[in-house]
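**Q**
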Amino acid sequence: MTTTTEEEEESEQVVTPWDVSAGADGKIDYAKLVREFGCSEIDKNLIERIEMCTQTKAHPFLRRGLFFAHRELDEIVTAYEKGEKFYLYTGRGPSSESLHLGHLVPFQFTKWLQDAFKVPLVIQLTDDEKFLWKDLQLEDCRRLARENAKDIAACGFNPETTFIFADASYMCSSFYVNMVKIAKCVTFNQAKGIFGFTGDSNIGQIGFPPVQAAPSFPDCFPHMFGMNKKSLKCLIPCAIDQDPYFRMTRDVSHRIGGYKPALVESRFFPALKGESGKMSASDPTSAIYVTDTAKEIKNKINKHAFSGGGATIEEQRENGANLEVDVPWKWLNFFLEDDEKLKEIGEKYGSGEMLTGEIKQILVDVLTPMVEDHQKRRALVTDEVLDVYFNPTKTPKVFLDLFREYEEKEFGKWEKKKGGGDSENDDLCAALEEKMKLEGATENEEGCAIGAPKSEDWLRIRKERMQRDAPTEGSKSALKKAAKIKAAAEKKAAEKAAKAAARGEAATCNKN
Ligand code: TYM
1 MTTTTEEEEE
11 SEQVVTPWDV
21 SAGADGKIDY
31 AKLVREFGCS
41 EIDKNLIERI
51 EMCTQTKAHP
61 FLRRGLFFAH
71 RELDEIVTAY
81 EKGEKFYLYT
91 GRGPSSESLH
101 LGHLVPFQFT
111 KWLQDAFKVP
121 LVIQLTDDEK
131 FLWKDLQLED
141 CRRLARENAK
151 DIAACGFNPE
161 TTFIFADASY
171 MCSSFYVNMV
181 KIAKCVTFNQ
191 AKGIFGFTGD
201 SNIGQIGFPP
211 VQAAPSFPDC
221 FPHMFGMNKK
231 SLKCLIPCAI
241 DQDPYFRMTR
251 DVSHRIGGYK
261 PALVESRFFP
271 ALKGESGKMS
281 ASDPTSAIYV
291 TDTAKEIKNK
301 INKHAFSGGG
311 ATIEEQRENG
321 ANLEVDVPWK
331 WLNFFLEDDE
341 KLKEIGEKYG
351 SGEMLTGEIK
361 QILVDVLTPM
371 VEDHQKRRAL
381 VTDEVLDVYF
391 NPTKTPKVFL
401 DLFREYEEKE
411 FGKWEKKKGG
421 GDSENDDLCA
431 ALEEKMKLEG
441 ATENEEGCAI
451 GAPKSEDWLR
461 IRKERMQRDA
471 PTEGSKSALK
481 KAAKIKAAAE
491 KKAAEKAAKA
501 AARGEAATCN
511 KN
């Protein structure tokens, strides 16, 4: 009896951020994961709503159920339908020189999300995580982070709206403040329950989860999203192995004053030798890497791809292939874009009309140009290009449209106070810059996204500062400030009058 239980336990599937292994039948039971983790399956209706509100055909990963689970993706879509934007957050743990094809899955999907929804993106490289878990020097992890970032950038993210950061280099006050607040909400017992920590775990590992949780809150990135924890909601695309981090994050979100991050989660791209195996950098035949040559791709697929086809040609013709376990078929589901062609291959191979060698050749023909194109794009990612992605002082103007409603309200209020009447200014960005100059940018605003909603803290500091620095009537600074405001108001009034005069003239001309 005891033996049976032990055997059963041994063959239980394991899915954690650090280990993924299939159950006794060699498969991952995704329905079970959804039940155990408490997320929801993505249904047809949600996909249709995404297509409607983005006016974009769903990505094959979404159409084919490869991104299959979510947490509150429906709420992000509902808010988006009403005009509210959000930001995307994803990441990579840099533990090897190059990415394997499975790693491309979340990045290709994130790129599609960024283009379809037209939203900004932050990408975390957890060099600290890999240092804490792997037998690697921190300096190596930092170097790998930059190397991996080149492959990530090669996926085609918009450099204007994408911020890539590595933990060991970016860690800043706003980030740390979020981490500490999150850490205080989670007990060691809870962390053991979620992540399986034991007495042997080093304390860096135990303290790490808040590092991956923090970027779910926009105020970790003041230069992009301002300093208000609720300036934007966050959507995280990843494979389902990362779910524990964000289950924890969602549990503490309200307690630290933020929104719960939403998630969109994928199945695993299986290892070359079958779903029960692991893609590992230490076994090059277990995966195809984005650095592999055409010859390596061909050899790996022909020699090592696990086949669900018959053992002999006769058997294959007689029974057809078992598509449930066949790796070439599963990989084509990820990377062959043409739905019709895919369906035809499934029917022919499943019925025995197509042989294993043929489907493997189709896979070689799909993957070789895909990997070669990736390599060409990566060669264009120079250090200068990479620096643009890593730049934490990215011009905040780019993000003005994220907060337009808030800005218009704020600007209207300011103009009224200034006595300039209703805003007719088309160039809101220039107007906000002018407003900042006139008000005098405070310490807290420096490097902070222009126009983003202000945090409660910021509003309190500004009030205190204004009370403290309130100029006495007749003082030099008061006179200077009043003169500036007057000049700006006069300029505005003159422009308005000129516009009105021009309109008047045009009307007269029309009449005539
Ligand atoms: P890492 O480097 O293990 O994996 C990077 C991303 O790839 C996904 N992934 C896969 N997707 C499909 N099939 C596979 N076989 C496969 N293997 C890995 C992972 O789910 C992940 O999305 N701790 C993280 C880095 C991280 C992160 C994040 C990931 C930091 N912040 C936010 C997602 C979202 C890690 O080590 O990922």
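So for the sequence shown, my numbering puts the first residue at 1; every next one is plus one. For every residue, glycine included, the Cβ atom is placed at its ideal position computed from N, Cα and C. No experiment lies behind these values; they were computed from the predicted model shown.
1. Hey, is the region 358–368 in contact with the region 120–138, meaning 3+ C-beta pairs nearer than 8 Å?
2. Could you tell me if the beta carbon of Ile236 falls within a distance shorter than 7 Å of some heavy atom in the ligand TYM?
3. So, at 6 Å on beta carbons, what are the nonlocal neighbours of Glu424 in its own chain, with the 5 sequence-adjacent residues on each side left out?
4. Output yes or no for whether 8 Å exceeds the beta carbon distance between Cys220 and Phe157.
5. Is Ala513 helix, strand or coil when you go by DSSP?
6. Whose CA, out of Ile28, Thr16, Pro17 and Cys448, lies closest to the CA of Pro270?
7. Within 10 angstroms of its Cβ, does Ser307 collect 16 or more other Cβ (buried), or is it exposed?
8. How long is the line joining the alpha carbons of Lys511 and Ala498, rounded to whole angstroms?
9. What residue range is occupied by the uninterrupted beta strand (DSSP E) comprising His70?
10. Under three-state DSSP, which class holds Glu12?
11. Nearer than 7 Å: is that true of the beta carbon of Ile239 relative to any heavy atom of the ligand TYM?
12. Assuming contact is defined by CB atoms lying nearer than 8 Å, are Ile152 and Ile123 in contact in what I supplied?
13. Can you give the Cα-Cα distance for Ser231 and Gly65, rounded to whole angstroms?
14. So, helix, strand or coil for Cys141, using DSSP?
15. Less than 8 Å between C-beta atoms, sequence neighbours within five positions excluded: which residues of the same chain meet that for Val523?
16. Which ranges would you report for the beta strand (DSSP E) in the region 108–141 if only whole runs of at least 3 residues count?
17. If I measure Cβ to Cβ from Lys57 and keep anything under 7 Å in the same chain, skipping five residues before and after, which residues do I get?
18. Indicate the three-state DSSP secondary structure (helix, strand or coil) for Leu355 in the structure shown.
19. Please look up how many angstroms separate the CB atoms of Leu88 and Leu125, rounded, as I've assumed it's under 8 Å.
20. Going straight from the alpha carbon of His100 to that of His374, what length do you get?
21. Taking 8 Å as the threshold, find out whether the region 200–220 comes into contact with the region 139–153 through three or more Cβ pairs.
22. Less than 7 Å separating the Cβ of Ser98 from some heavy atom of the ligand TYM?
23. How long is the line joining the alpha carbons of Asp283 and Thr78, rounded to whole angstroms?
24. Kindly examine the ligand TYM and report whether one of its heavy atoms sits closer than 7 Å to the Cβ of Pro218.
25. Am I right that Ile182 and Ile297 are in contact with their C-beta atoms under 8 Å? What's the rounded C-beta distance?
26. Is any non-hydrogen atom of the ligand TYM found closer than 7 Å to the C-beta of Gly93, if you look at the structure I gave you?
27. Quick one: residues in its chain with C-beta nearer than 6 Å to the C-beta of Ala166, no 5 flanking neighbours on either side, listed in chain order?
28. Whose C-beta lies closer than 7 Å to the C-beta of Asn148 among residues of the same chain, with five residues either side of it excluded?
29. For the beta strand (DSSP E) containing Leu62, name the first residue and the last one.
30. Return the CA-CA distance between Asp426 and Met224, expressed in angstroms with no decimal places.
31. Could you give the DSSP three-state label for Glu324: helix, strand or coil?
32. Among the residues of its own chain, which have a CB less than 6 Å from the CB of Ile359, if the five just before and after it don't count?
33. So, is Gln13 buried or exposed, given that buried needs 16 or more other C-beta atoms within 10 angstroms?
34. Would Met354 and Gly102 be called neighbours here (beta carbons separated by less than 8 Å)?
**A** Checking against the coordinates, here is how it stands:
1. no
2. yes
3. Here Glu424 scores only 44 on pLDDT, less than 50, and its place in the model should not be relied on; the value that follows carries that caveat. Closer than 6 Å at the Cβ level, and outside the excluded window around Glu424, lies no residue.
4. no
5. Residue coverage of the chain in this structure runs from 1 to 512, which leaves residue 513 outside it and unanswerable.
6. Ile28
7. buried
8. Its pLDDT being 44, under 50, Lys511 is placed unreliably by the model, and nothing is read from it.
9. Phe67 to Arg71
10. coil
11. Just to set this straight, residue 239 is Ala in the shown sequence, not Ile. True, at least one ligand heavy atom lies under 7 Å from that Cβ.
12. yes
13. 31 Å
14. helix
15. No answer is possible for residue 523: it lies beyond the span of the chain, which begins at 1 and ends at 512.
16. 121–125
17. Glu51
18. coil
19. About 15 Å; that fails the 8 Å criterion.
20. 12 Å
21. no
22. no
23. 44 Å
24. no
25. So it is not a contact: roughly 42 Å between Cβ atoms.
26. yes
27. Leu125, Asp127 and Ala145
28. Arg92, Pro94, Leu99 and Leu125
29. Element bounds for Leu62: not the beta strand (DSSP E) but the alpha helix (DSSP H), Pro60 to Arg63.
30. Any reading at Asp426 must be qualified, since the residue scores a pLDDT of 47, below 50, and its modelled position is unreliable; no value is offered.
31. coil
32. Pro328 and Tyr349
33. buried
34. no
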